[in-house]
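Counting in my numbering, the final residue of the sequence shown is number 309, and the numbers go up one at a time with none missing. Heads up, the thing below is written out as structure tokens.
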Amino acid sequence: MRDADAAPGPLLVETEGLTKHYAAGEGTVAALAGVDVAIPPGAFVAAMGPSGSGKSTFLNLIGCLDRPTGGSYRLMGEEVARLSPDRLAEIRSRRLGFVFQSFNLLPRADALANVELPMIYRGVRRRQRRERAAAMLAAVGLGERLHHRPNQLSGGQQQRVAIARALVNGPDLLLADEPTGALDTRTGLEIMALFQALNRSGVAILMVTHDAEVARFAARVLRFRDGRLVGDRAQVPADAAAALAALPAAPAEAA
Ligand SMILES: Nc1ncnc2c1ncn2[C@@H]1O[C@H](COP(=O)(O)OP(=O)(O)O)[C@@H](O)[C@H]1O
Ligand SMILES: [Mg+2]
């Protein structure tokens, strides 16, 4: 898959025959039916497909939120398919960051405390946590909102807090399941522009979306159908910042 003169080192993600069966009545349903995929570090990949095609199952397996029932999965060269739930939790905390459609922030905690949380699990000291969380919030454009709680932030701002939280431990891979699904067009484009900026700075992204308008900002598109990978193609990504600039002017903020 990689060119001969590419930098040596492990693939970010490499699966062979990745399979997930769920019990259903008397039998089982194959949510994922043998997926082979190789993703290098620094990639920006969109996973597409109709509802029920296995996209979320794939993302959850790649995110070590769930274990496959068959096949192999190497993350940065380490076989993780058969690890215990405790070891998977450790790998999630060290290597992976997650962003969801519904943000999943702690409602009573301010932006700073939400972003500090993953560092508490990693045993980072309080002062360093505060500094890193504040810097990460500034990096996603929320330097002036450190002490706002989720219900005091717009949807797009809440998703930025979630992105800062996902990145604060320096993951190898950012996983996003329908990250713009709860946002209007403009705000969705802002999040895609942020993803593209993060990706340019070296963060690898795997994003599930059913929306072709969103997938066009990725550099590679995987297509799922009935639990199988039926398409895998590189593309020249559209520029989200340019798409944002081309929108008609935003309505004036209510006074
Ligand atoms: N926990 C579960 N138990 C049983 N079946 C499941 C479970 N999760 C997903 N499935 C089934 O697996 C298939 C793929 O689901 P999913 O990965 O959520 O698809 P997508 O995200 O593409 O909509 C669907 O047929 C779904 O009903
Ligand atoms: Mg899904």
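Yeah, the Cβ is synthetic: ideal placement off N, Cα and C, and Gly gets one too.
| Check | Outcome |
| --- | --- |
| heavy atom of ligand 1 below 7 Å from Ala78 C-beta | yes |
| Three-state secondary structure assigned by DSSP to Ala308 | Note that Ala308 scores a pLDDT of 48, beneath 50, so its modelled location is shaky and nothing firm can be said. |
| Any non-hydrogen atom of ligand 2 closer than 7 Å to Lys74 Cβ | no |
| Leu235 to Ile93 span [Cα, whole Å] | Looking at the sequence provided, one finds Gly at residue 235 rather than Leu. Cα to Cα, the separation comes out at about 24 Å. |
| Assigned exposure category for Leu248 - 16 Cβ within 10 Å defines buried | buried |
| Span separating the alpha-carbon of Arg282 from that of Ser107 | 8 Å |
| Other residues of its chain near Gly79: CB distance less than 8 Å, five sequence neighbours each side excluded | none |
| Ala77 versus Leu301: straight-line alpha-carbon distance, rounded | 47 Å |
| Limits of the unbroken alpha helix (DSSP H) element including Thr82 | That residue, Thr82, is in no alpha helix (DSSP H); its beta strand (DSSP E) goes 81-93. |
| Local Cβ density within 10 Å of Ala91, reported as buried at 16 or more and exposed below that | Looking at the sequence itself, residue 91 is Val, so the reference to Ala does not match. It counts as buried. |
| Phe152 beta carbon near ligand 1 (any heavy atom closer than 7 Å) | no |
| Contacting residues, own chain, Cβ-Cβ under 6 Å from Ala87 (five flanking each side not counted) | Gly281, Arg282 |
| Cβ-Cβ distance between Phe112 and Val83 below 8 Å | no |
| Same chain only: Cβ atoms within 7 Å of Ala269, ignoring 5 sequence neighbours per side | Ala100, Met102, Thr263, Val275 |
| Under the three-state DSSP convention, the category Thr239 falls into | helix |
| Sheet register partners of Arg274 (DSSP bridge) | Val99, Ala288 |
| Closest residue to Leu191 among Asn114, Glu132, Ala220, Glu232 (Cα-Cα distance) | Ala220 |
| Sequence-distant residues of its chain with Cβ nearer than 6 Å to Ala273 (five each side left out) | Phe98, Pro291 |
| Exposed unless 16 or more other CB atoms sit within 10 angstroms - verdict on Val194 | buried |
| Near ligand 2: Ser110 beta-carbon under 7 Å from a heavy atom | yes |
| Coarse secondary structure for Val67, derived from DSSP in three states | strand |
| Inter-stretch contact (C-beta, 8 Å, three-pair minimum) for the stretch 230-244 and the stretch 167-175 | no |
| Same chain, Cβ closer than 6 Å to Phe278, neighbours up to 5 away in sequence not counted | Gly103, Ser107, Gly108, Lys109 |
| For Asn126: DSSP bridge partner residues | At residue 126 the sequence reads Ser, which differs from the Asn that was named. According to DSSP, which records beta bridges pairwise, Ser126 is partnered with Glu70. |
| Spatial distance of Ala288 from Glu70 (CA atoms) | 20 Å |
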